[in-house]
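Input: a single structure, listed below in structure tokens.
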Amino acid sequence: MGNLRSVEKALEKVGATVSVSRDPDEVRRAERIVLPGVGAFGDAMANLEKRGLAGVIREEVEAGKPFLGICLGLDLLFEESDEHGLHEGLGLLPGRVELLPTDLKIPHIGWNQVSIRKQSPLLAGVPDGSSFYFVHSYAVVPRDESDILCQTEYGCTFVSAVERGNIAAFQFHPEKSSSLGLTILKNFAS
Amino acid sequence: MILLPAIDIQGGQCVRLRRGDFADATIFSSDPVERARMWEQEGAQALHVVDLDGARLGKLVNLALVEEIAETISIPVEFGGGVRTIDDLKMVSEGPIDRVVIGTGALTDQAFLLEAVRISGDKLVVSVDAERGMVTTHGWQEKSSVSAVRFAAFLQQEGVRHILYTDIDRDGMMMGMNLDAVSELAREVDIDIIASGGISNLEDLRRLKALNLDNISSVIVGRALYEGSFTVAEARAILD
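Protein chains in written order, with our numbering: chain D, 62 to 251; chain R, 22 to 261.
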């Protein structure tokens, strides 16, 4: 669970108090929720359901608790994914998750530029066109275009971040994206 | 193209070797973690970390220190040196390291290679260390009868996504990269190539970039950065 540890350390660097937990009650008590994750959509969703976390996350986010999703944590927000069979997601945002429609190599790994599509306090101090670190094969396709926060080109234009109210999520890894990544985490934590 | 500053660890210190000779080390820092932090602050977008003790002894030696580096900085870390078994790969993949490099085992043991691809997938990098076009093993100490190009084609066929190509005649010698060799390799295979060995000045980087070969995704620089031939920012101005 290397990704978890990196996210934890990065959040600590920007001054947050972090607790890594699989306990629904602890998630309920938290001031903010961060859902990182690397791996397969179906397995992750099954684990969230099994541990009673899916319901808690839905309830807390619908009640207005700030939520940050990273990579798979972005994908899981949506209604369904066709990653290795059709799987249902958290359904907090309308839309689905699909394989990147690109002729370039999949997974998309490395630094790539991000175009900012709307104003957000989370992106304060982040210039339009900045580069962030990506590792993914799938991308979200929001049904509601107003949820799109950022887009990125990779032989296709895909949605690299979404935001709606208290929900924000990034396809790239802020915790691996140097100072600008930390800026985003800091904006979220403060 | 991404610049990967190299951090080579020997005896807990950050060193550079010449031509991979463990006895010919120059110490550049006694604190690899701090050195890593400095590279990040100077604008590095990823780091390449090698456990030289691990490479020499054929087992993980300084993994805890490398993991400390990966946790301390907020850029991806590629790690190699002493990763020889499936258990090693599993151990590394459970931690914060983003990419893991294997060498010797991939050449001598196909079952190991296949299992490594299965376990580490996109995180796996196989190093192709060449001396006059032929692959070397065991921390560059033994020469094989397999050509670098043939080995790379085999790796691609087995599902490897990244190869790390090092020209060991050039490494640490500040005499420029062997561009003929690296471009031949990049034309033979489609997979991602990380080029290493011999970059000594900005002109070397310009020439590498000018090859205009998209699958050479990154370049490792060691001694030239440590000796101040150029800065991370100057390199990125060429490579970005």
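Glycine included, C-beta positions come from ideal geometry on N, C-alpha and C.
Min CB distance residue i to chain R below 9 angstroms
i: residue 62 of chain D; result: At residue 62 of chain D, the pLDDT of 40 sits below 50, so the modelled position is not reliable and the matter cannot be decided from this model.
i: residue 168 of chain D; result: yes
i: residue 194 of chain D; result: yes
i: residue 70 of chain D; result: yes
i: residue 243 of chain D; result: yes
i: residue 126 of chain D; result: no
i: residue 247 of chain D; result: no
i: residue 200 of chain D; result: no
i: residue 74 of chain D; result: yes
Element boundaries [beta strand (DSSP E), containing residue i]
i: residue 252 of chain D; result: Since the displayed chain D opens at 62 and closes at 251, residue 252 of chain D lies outside it and no answer follows.
i: residue 101 of chain D; result: Premise fails: residue 101 of chain D is in no beta strand (DSSP E) and is neither H nor E.
i: residue 159 of chain D; result: 156-160
i: residue 89 of chain D; result: From DSSP, residue 89 of chain D is part of no beta strand (DSSP E) but of the alpha helix (DSSP H) over 85-90.
i: residue 100 of chain R; result: 98-101
i: residue 217 of chain R; result: 213-217
i: residue 206 of chain D; result: That residue, residue 206 of chain D, is in no beta strand (DSSP E); it is neither H nor E in DSSP.
Chain D contact residues for residue i, given Cβ-Cβ distances below 8 angstroms
i: residue 96 of chain R; result: 194, 237, 238, 239
i: residue 92 of chain R; result: 66, 67, 70
First and last residue of the uninterrupted alpha helix (DSSP H) at residue i
i: residue 77 of chain R; result: 73-78
i: residue 282 of chain R; result: An answer regarding residue 282 of chain R cannot be provided, because it is not within the stretch 22 to 261 covered by chain R.
i: residue 137 of chain R; result: 131-141
i: residue 59 of chain R; result: 53-62
i: residue 93 of chain R; result: 84-93
i: residue 243 of chain R; result: No alpha helix (DSSP H) contains residue 243 of chain R, which DSSP labels as neither H nor E.
i: residue 230 of chain D; result: Looking at the DSSP string, residue 230 of chain D is not in any alpha helix (DSSP H); the run it does join, the beta strand (DSSP E), is 228-231.
i: residue 254 of chain D; result: Nothing about residue 254 of chain D can be reported from this structure: the residues present for chain D run from 62 to 251 only.
i: residue 256 of chain R; result: 253-260
i: residue 45 of chain R; result: First-last for residue 45 of chain R: 42-50, but that is the beta strand (DSSP E), not the alpha helix (DSSP H).
i: residue 202 of chain R; result: 200-209
i: residue 124 of chain D; result: First-last for residue 124 of chain D: undefined, no H or E at that position.
i: residue 189 of chain R; result: Taken as a continuous stretch (DSSP letters only), residue 189 of chain R belongs to no alpha helix (DSSP H), as it is neither H nor E.
i: residue 231 of chain R; result: 223-231
i: residue 155 of chain R; result: Where residue 155 of chain R is concerned, there is no enclosing alpha helix (DSSP H), although the beta strand (DSSP E) it sits in stretches over 155-158.
Cross-chain neighbours of residue i in chain R, by beta carbon under 7 angstroms
i: residue 133 of chain D; result: In chain order: nothing, as chain R lies at least about 14 angstroms away.
Presumed contact (8 angstroms Cβ cut-off) between residue i and residue j, rounded CB distance
i: residue 225 of chain D; j: residue 133 of chain D; result: Rounded, the Cβ-Cβ distance is 18 angstroms, inconsistent with contact.
i: residue 118 of chain D; j: residue 231 of chain D; result: With a Cβ gap of about 17 angstroms, residue 118 of chain D and residue 231 of chain D do not count as contacting.
i: residue 80 of chain D; j: residue 87 of chain D; result: 6 angstroms
i: residue 137 of chain D; j: residue 223 of chain D; result: With 8 angstroms as the limit, residue 137 of chain D and residue 223 of chain D do not qualify as a contact, their Cβ atoms being about 12 angstroms apart.
i: residue 127 of chain R; j: residue 147 of chain R; result: 5 angstroms
i: residue 236 of chain R; j: residue 207 of chain R; result: 5 angstroms
Any C-beta of chain D under 9 angstroms from that of residue i
i: residue 23 of chain R; result: yes
i: residue 182 of chain R; result: yes
i: residue 108 of chain R; result: no
i: residue 35 of chain R; result: no
i: residue 190 of chain R; result: no
i: residue 213 of chain R; result: yes
Test: residue i CB closer than 9 angstroms to a CB of chain A
i: residue 144 of chain R; result: Among the protein chains in the structure shown, which are D and R, there is no chain A.
Selection of the region 122-154 of chain R by Cβ proximity to chain D, strictly under 8 angstroms
Along the region 122-154 of chain R, going in chain order, the ones with a CB nearer than 8 angstroms to a CB of chain D are 143.
Would you list, in chain order, the members of the region 151-178 of chain D that have their beta-carbon closer than 8 angstroms to a beta-carbon of chain R?
Taking 8 angstroms as the Cβ-Cβ cut-off against chain R, the residues of the region 151-178 of chain D that qualify are 166, 168, 170, 171, 172.
Check each residue of the region 52-80 of chain R: if its Cβ is closer than 7 angstroms to any Cβ of chain D, include it; give the result in chain order.
From the region 52-80 of chain R, only 61, 66 have a Cβ closer than 7 angstroms to chain D.
Could you run through the region 229-250 of chain R and flag, in chain order, every residue whose CB is less than 9 angstroms away from some CB of chain D?
Of all residues in the region 229-250 of chain R, the ones placed with a Cβ closer than 9 angstroms to any Cβ belonging to chain D are 236, 238, 239, in chain order.
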